[in-house]
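Just so we're aligned: 381 in the numbering used here is position 268 of the sequence shown, and the numbers increase by one with no gaps anywhere.
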Amino acid sequence: MSLTVPELPILPIGNGRFSVKELLDELWNQLRPPRTFSWQTLVLLSLFSWALSILVETLILKDLLSRFGWLFLTVGVGWALSGNKLNILGLEIQTGPWITGALACVVLFAGWVGDLGRVAWVSWPIFSAISAAVPHFFPRFTFSIPDPKVRQDLILRAVLAGTMSCWIQFHFVVQDWLRDYPTLLSDDFRRSAFVVRLDEEQHDPSRSVPRAELLMNLVEGYIRGSLEGIPWSDTERWLIALDQQIPELQRQVFAWANPSATRGLPEDALWRFSAVVPPGEPEYTLRLRMLWTGPTSTNFPYVYEKACLISQVTPPLGAGEVVAGAPLTRVECNPFRRISLAQPP
C-alpha cells in the first residue's frame, strides 16, 4: 500500500505564485543555524519553549517555559541586531541594544503582581546601556577590559541612559502629583521649564473643570440645600452657629467630590474652609472662602471666595405647610473668584 501526499496549495504573492512549501522553505533558510551556537539557534529555542508552554498544563511550568522563550528571544534578537545602525540627522544609533533592553524589561516585569509598567519604562534605558556594554566586556565569552576609547563611549551611554531614566521617572512623578493634587492643574505653568499644558496648546481649556471651582460649586449646593426655602427664623439660628456648621460642610463637600474614593484625595488635607457674615452689608451676605495651602506658582496661598446673598421672601398664599405670611429664605450666589495673598494669613 502506498500513501499519496497531497500537494500544498498555491498562494499568489506579489506578481508570482508561491506554494506554502516554498514559503516554509524560505523561512527555514532564514532561520536555519549556520553553526550550532548562533542567533538563529536562540530564536528557534524561543519558539520551542513557547510551543512547550502551550502543551503543558502546570501553571508554574508554563510560566517558566514562557520566560525562557522570552530570554532566548532577547539574546537572539540582540545578537542578530548587534551590527545594525539607524542614521538620524547624521547621528548613528544602534537599534539592537534598545530592542534588547525592551525585551529584557518584558522578561523581567511582565506578569508580576502590581503596577510594574512604570518600572519597566524607567528601567528600559538602563537595560539598553547594559546590553550595549556586555559584548565589549565579553567579546569571545571571556572577560576582558575594553580599550579606553570604548570605555569612554560606554560611560557616555551610561550617563545618557541614566538621564533618560530620570526624565521618564519624573514624568510619572508629575502624573502622580496631578492625580493626588488636581488643584495644581488650575495653576499657571507658562514659566515652567519642563511642564507644558497640552490642553492650552490645543485651545481646549474646558477639558477639565478646576477642582477649586468644583468644590466651591458643591459648597454653594450645600448652602442652598441647607437654607433655601426654610423658615427665616431657622436660617438666622443656622447663621448664628455658623462656625459649628463648617466641619459638616467640609466633610459633606469632600464626600460629594470623591464619590468613589474611600479616603478622598491627599490634597483634601490642604484645604481650609471658612465662612463669615460681615456686618453692615444688606440682608445677610455670606462670604464662603476656601484657602489652598498646597504648592502654588507664587509661593503664597490662594483664597477662593464666593459671596451668597441670603434674603427673606414672603411666600404666596396656599404655599403648602408654610404658615401664611411667615418669611422664607432665598439664596443667591455670585461666581467664585480667586485671590492670591501677598503673604500667608
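In this text, a Cβ means the ideal position worked out from N, Cα and C, and glycines have one as well.
None of these values were measured; they are calculated from a predicted model.
Tell me where the alpha helix (DSSP H) around residue i begins and ends.
i: F283; result: P261 to D293
i: A242; result: G230 to F250
i: A370; result: L355 to A370
i: E167; result: Before going on, a small fix: residue 167 reads as Ile here, not Glu. W152 to L168 is the extent of the alpha helix (DSSP H) around I167.
i: T187; result: L172 to A193
So, for residue i: in the same chain, excluding its five sequence neighbours on each side, which residues have a beta-carbon less than 6 Å away from its beta-carbon?
i: R451; result: Y415 and Y417
i: R324; result: P295 and T296
i: Q425; result: W345 and P440
i: L186; result: S159
i: L355; result: A388
Suppose you measure from the CA of residue i to the CA of residue j; what does that come to, to the nearest Å?
i: P210; j: P259; result: 18 Å
i: R443; j: F386; result: 23 Å
i: V287; j: T296; result: 13 Å
i: G196; j: W280; result: 28 Å
i: H284; j: Q363; result: 32 Å
i: R337; j: L422; result: 11 Å
i: R400; j: V232; result: 47 Å
i: P147; j: L165; result: 24 Å
i: L229; j: A223; result: 8 Å
i: V156; j: R180; result: 13 Å
i: S373; j: V309; result: 29 Å
i: K134; j: F161; result: 21 Å
i: G393; j: D289; result: 46 Å
i: L202; j: L267; result: 22 Å
Short of 7 Å in beta carbon distance, which residues of its chain neighbour residue i, apart from the five on each side in sequence? Order them along the chain.
i: W152; result: G189, W192 and A193
i: G377; result: F367 and N371
i: Q282; result: V235
i: I359; result: F386, S387 and A388
Can you check DSSP and say which residues form a bridge with residue i?
i: Y417; result: M403 and R451
i: P344; result: L441
i: V426; result: L441
i: Y397; result: I423
i: E205; result: N200
Tell me the residue span of the beta strand (DSSP E) that contains residue i.
i: T213; result: Note, T213: premise wrong, no beta strand (DSSP E); alpha helix (DSSP H) at T208 to F222.
i: L383; result: Unbroken run through L383: none, as it is neither H nor E.
i: I201; result: K198 to I201
Do residue i and residue j have their CB atoms nearer than 8 Å?
i: L340; j: A370; result: no
i: L383; j: W405; result: yes
i: T208; j: S241; result: no
i: Y335; j: Q357; result: no
i: V220; j: W163; result: no
i: E247; j: S278; result: Residue identity differs from the one stated: residue 247 is Val in this sequence, not Glu. No, they are not a contact pair.
i: A274; j: I239; result: yes
i: M329; j: F413; result: no
i: T154; j: D300; result: no
i: V272; j: H249; result: no
i: A245; j: R270; result: yes
i: E333; j: C446; result: yes
Spatial neighbours of residue i within its chain, please: CB distance less than 8 Å, with the 5 preceding and 5 following residues excluded, ordered by chain position.
i: T398; result: V390, P391, A420, C421, L422 and I423
i: V169; result: K175 and L178
i: E205; result: K198 and L199
i: G407; result: Y294, T296, L297, E380 and L383
At least one CB of chain D closer than 8 Å to the CB of residue i: is that the case?
i: W234; result: The displayed structure is made up of one protein chain only, and chain D is not part of it.
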